[in-house]
Amino acid sequence: MEIGVFGYVEAMGAVERVGSRAQDDGRGGDRGRLALSMDLPASRMPSHELRQWVRAALYREDPDCAEKVWLALAELAANAHDHGRSPVQVRVWRSTAPPAVRVEVEDACREVPVPGASRRDGTRGSGLVLVDALARRWGVDVHATGKTVWAEWSAVQPEPDPARWAAP
1 MEIGVFGYVE
11 AMGAVERVGS
21 RAQDDGRGGD
31 RGRLALSMDL
41 PASRMPSHEL
51 RQWVRAALYR
61 EDPDCAEKVW
71 LALAELAANA
81 HDHGRSPVQV
91 RVWRSTAPPA
101 VRVEVEDACR
111 EVPVPGASRR
121 DGTRGSGLVL
131 VDALARRWGV
141 DVHATGKTVW
151 AEWSAVQPEP
161 DPARWAAP
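Read in order, the letters of the sequence shown are residues 1 to 168 in the UniProt record's numbering.
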């Protein structure tokens, strides 16, 4: 069951839905709140732009966690562009109990990716190996219209910095 969506923003051909939407993950769990949802343009989105979107969506998370999420998401999005089929959609979910972050990249190709292997050439194929090293867990869900490759992290809230709030 989905609850609420607050708005849409378009930038560089990508459509972002922002707001608060909770959704059951189909396994009896709660994915949390939708922090970011983007339809990626047909051309590859520059990684620095994707990084800005992820940082904005995960501004409350530990910077190290946000950096791992961005690196993995950049790899998954690149894989979807290189090996999948349009449309490609990116989603970032935040959960507070327990604190966690989940990313999903959905495309219209049902072929399951294999870590360390590439259909392109022998110099590629390390993207999912990197995702495996960065994420707590990851996987692939194949459905009627394609597949969703996802990865999850335990999120740690950064400790507040008392000096930041001290009076001058």
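Positions of the beta carbon are idealized from the N, C-alpha and C atoms, including for glycine.
DSSP, read as helix, strand or coil, puts Ala144 in coil. Per DSSP, reduced to three states, the secondary structure at Gly32 is strand. For Asp107, the enclosing beta strand (DSSP E) begins and ends at Pro99 to Asp107. In the displayed model, Arg136 falls within coil according to three-state DSSP, outside both helix and strand.
Counting C-beta pairs closer than 8 angstroms gives three or more between the stretch 34–51 and the stretch 68–79, which meets the contact rule. Fewer than three Cβ pairs drawn from the stretch 91–99 and the stretch 138–145 lie within less than 8 angstroms of each other, which leaves the two stretches out of contact. The beta carbon of Thr145 lies closer than 8 angstroms to those of Ala108 in the same chain, with the five residues before and after it left out.
In this model, Asp62 and Met38 are separated by some 22 angstroms (Cα to Cα). Assignment of beta-bridge partners to Arg94 by DSSP yields Arg33 and Val101. Counting along the chain, the unbroken alpha helix (DSSP H) around Pro63 starts and ends at Pro63 to His83.
Judged by DSSP secondary structure, Glu49 falls within the alpha helix (DSSP H) whose first and last residues are Ser47 to Ala57.
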